Every structure is written in C-alpha cells, then in structure tokens.
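Engineer:
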Amino acid sequence: MTNIYKIAGLDLPHIDPNDRLQRILRSALPNYSDSSSQQQSDYWNAKFFNLHQVKIFQQASVAEQSAILKLTNRSLLEESYFIEKAGVGYMAKMVLLAETVEERMLYALFTADEATHLSQITNFLPELEPTNSNDPFLSLLAEVVESADKTVLLFVLQVVLEGWGLSHYRRLAKECRHPILAELFTSFLHAEARHHGTGTTLFNQISVAASSQTAILDVLAQFLSMVQVGPQNVLAAVEQVKGHLSRSQKIQILEELDTQTHSGTRLQILRSLMRGASAQAIVQALDERGAFEPLSPQKCVY
Ligand SMILES: [Fe+2]
Ligand SMILES: [Fe+2]
275 MTNIYKIAGL DLPHIDPNDR LQRILRSALP NYSDSSSQQQ SDYWNAKFFN LHQVKIFQQA
335 SVAEQSAILK LTNRSLLEES YFIEKAGVGY MAKMVLLAET VEERMLYALF TADEATHLSQ
395 ITNFLPELEP TNSNDPFLSL LAEVVESADK TVLLFVLQVV LEGWGLSHYR RLAKECRHPI
455 LAELFTSFLH AEARHHGTGT TLFNQISVAA SSQTAILDVL AQFLSMVQVG PQNVLAAVEQ
515 VKGHLSRSQK IQILEELDTQ THSGTRLQIL RSLMRGASAQ AIVQALDERG AFEPLSPQKC
575 VY
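Going by our numbering, the letters in the sequence shown line up with residues 275 to 576, in that order.
#1: Identify the continuous alpha helix (DSSP H) that holds ASN292 and give its terminal residues.
#2: Would you identify the three-state DSSP class for ILE281, choosing helix, strand or coil?
#3: Please classify GLY473: is it buried, with 16 or more other beta-carbons within 10 angstroms of its beta-carbon, or exposed?
#4: If we count the other Cβ atoms within 10 Å of its Cβ and call it buried at 16 or more, is GLN432 buried or exposed?
#5: For THR276 and LEU463, I'd like the C-alpha separation in whole angstroms.
#6: By DSSP, does SER413 sit in helix, in strand, or in coil?
#7: Looking at PRO571: is its Cβ nearer than 8 Å to the Cβ of GLU513?
#8: Assign GLU401 to one of three DSSP states: helix, strand, or coil.
#9: Let's test the definition: count the other Cβ atoms within 10 Å of the Cβ of GLN333 and tell me whether it reaches 16, buried, or not, exposed.
#10: For ARG549, does the three-state DSSP call read helix, strand or coil?
#11: Here's the rule I'm using: 16 or more other beta-carbon atoms within 10 Å means buried, otherwise exposed. How should ALA511 be labelled?
#12: Do the stretch 538-552 and the stretch 370-378 touch if we need at least three Cβ pairs shorter than 8 Å?
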C-alpha cells in the first residue's frame, strides 16, 4: 500500500549497513550509540498488555507465552518506528509551510528530532522489514500527512496525535523493563512536548474554516473508531500463536483484557487534548457521534 503517499515515506527502504552514507549519518547523529547487541523481546511484560488476566494466555506453554509477548512487543516498537519515520517527512513539509522565520527554524529543528528518534528506534528493531502491511492507523496517518490544509495538519497531527504520543511514550518509558530502552523513550518526551506545544500555539492563532473543521472531524472520527475497538493487536497476537479463535473466544479475551477500561482511558486522554475555543465545536460534534464511547467486547469483534 501507500506508495501514493510520499510525504510519510512509510515504505522508504534502508540502505546497506556498510554503505558509506551510513558512516556519515552516524557521525551526524547526536549521541549515536548502537544498541543492537541488546535486543530482547520482553521489554514490556504480560501485565503491561493485561495479558496476565487472559485465561488462554495463562494456560499457554511458556514458549507460547513468550511468542505472544514477542509479537506484542514487536508491534509496539514497529508502531513507534513508523510514527517517527512519518514524523521526519511531516516536519520537513512544515518547514516549507512556515510563515515566519522562527516557525521555519522550529520545524527544521523538529525534523532533526524525528530523524534522531527514528535512528534510535531502528537500533532496537533487528531484521527490519519496513513494510507497514495494512495497518489502518498508519494508512490514515500517511493520508493525513498529505493534506494541503495546514489547520488540519496542525490539529490532527500536532495537537492530537503528538499529544497522544507524549502520554503513550511516557507510559512505554515507565513500564519498560529494559533500562536503556526506557531511558530512550524518556529522552523523547521533551522533544515531543515541544512538537505538541508548537502545534497547539499555532492552531490557537488560526480561525478554523468550515472546510477544515469538516476534514478534521472526518479524520478524527476514523481515528477514534480505531481506539474504540480496543487492543486488537494483542488479540491478533494471541490468535497468531494459539491458532484460530472463535467469535465467543475473542469476546472472552477482550473481556479479560478489560477492553472497555483500556479504550475508555485512551479516549478520555484524546478528548482532553482537544481543548481551547477553536476545538470546542469539534469536540461537541464528536461527542454527538459517540466517538469517545468505548465499545463493549461484543461490538469490538466483527
Ligand atoms: Fe518523535
Ligand atoms: Fe514528534
């Protein structure tokens, strides 16, 4: 997918590790360190994913449990990888859209932040196959980054998604059992807070056109619906290791994962990010659609 979406660059390939360009890149990156010797697959444990409450997981063999955790860990790291990858292209686009010298300078610095984050995350992803398969969230992200409407870009990507990323990375850092990776996510927080703060400041200076508001609503409704359906990637990891699950088994697993609390918390964080006078009408319209209501386990299984 997404070759049509150039700016996010999700499918951009990596060059050979021995290529001369790699050496120049390493020398240009601040605090470059190669962590690839420390790879493991249980940076976040079963409790982090609520898997410790899931019967089929409890009853699985040690090998199966660790295979499931390997998949859920990997998908967290891959998600960060693709978000940072898209971030480099997005920030570079914002350099060109800047309306003051200072804004242009900020976005140039932010482009470098995301490039640094991308390189650091890549260190923790061995044998990286940078194909984002059909992840609906990444497809939506890549689509939004293409938008020509700066109001949409600022609100969706910097106010909401970077704000969300901030609390997501904070949790990843806090619960990570690997000190170097935990420290890495902690080190992202200051930069991400500046990205979010810049987006919020610029967005509050804009008066939102009706067409922008419609576009924002459309994208956020799609994004929130992906959060409403709970930890589908955890469910998919269980199914990949344990084999086909029936509809009722899936419902039971989602109940044990406490999906409604899981997505309810996330939806409230997202709602709280949409503050300020300009965002009020957007929140109200999303409220009317029930976009912040977590779905029951029955409704999360199609
Ligand atoms: Fe970042
Ligand atoms: Fe960022």
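Quick reminder that beta carbons are idealized off the backbone N, C-alpha and C, glycines included. A quick note: this is a predicted structure, and the numbers were derived from the prediction, not measured.
Structural biologist: This is what the structure gives:
#1: Counting from one through the sequence shown, the residue named residue 292 turns up at place 18. That residue, ASN292, is in no alpha helix (DSSP H); it is neither H nor E in DSSP.
#2: To locate residue 281, count along the sequence shown from 1; it is residue 7. Judged by DSSP in its simplified three-state form, ILE281 adopts coil rather than helix or strand.
#3: Walking along the sequence shown from the start, residue 473 turns up at place 199. Result: buried.
#4: Here the question's residue 432 lines up with position 158 in the sequence shown. Classification of GLN432: buried, given that the 10 Å Cβ count is 16 or more.
#5: Within the sequence shown, residue 276 is the residue found at index 2, counting from 1. Within the sequence shown, residue 463 is the residue found at index 189, counting from 1. Reliability fails at THR276, whose pLDDT of 45 lies under 50, so the model's placement of it is uncertain and the value that follows must be treated cautiously. C-alpha separation (whole angstroms): 29 Å.
#6: Taking the sequence shown and counting its residues from 1, one reaches residue 413 at position 139. Note: SER413 maps to helix in three-state DSSP.
#7: As a position in the sequence shown, residue 571 is number 297, starting the count at 1. As a position in the sequence shown, residue 513 is number 239, starting the count at 1. In this structure, PRO571 keeps its C-beta atom at 8 Å or more from the C-beta atom of GLU513.
#8: In the sequence shown, the residue the question calls residue 401 occupies position 127. In the displayed model, GLU401 falls within coil according to three-state DSSP, outside both helix and strand.
#9: Reading the sequence shown from its first residue, position 59 is the one you call residue 333. GLN333 comes out exposed.
#10: Within the sequence shown, the letter at position 275 stands for residue 549. Three-state DSSP puts ARG549 in coil, outside helix and strand.
#11: Stepping through the sequence shown from its first residue, residue 511 is reached at position 237. Buried, since its Cβ has 16 or more Cβ neighbours within 10 Å.
#12: Here the stretch 538-552 makes no contact with the stretch 370-378; the two share fewer than three CB pairs at distances below 8 Å.
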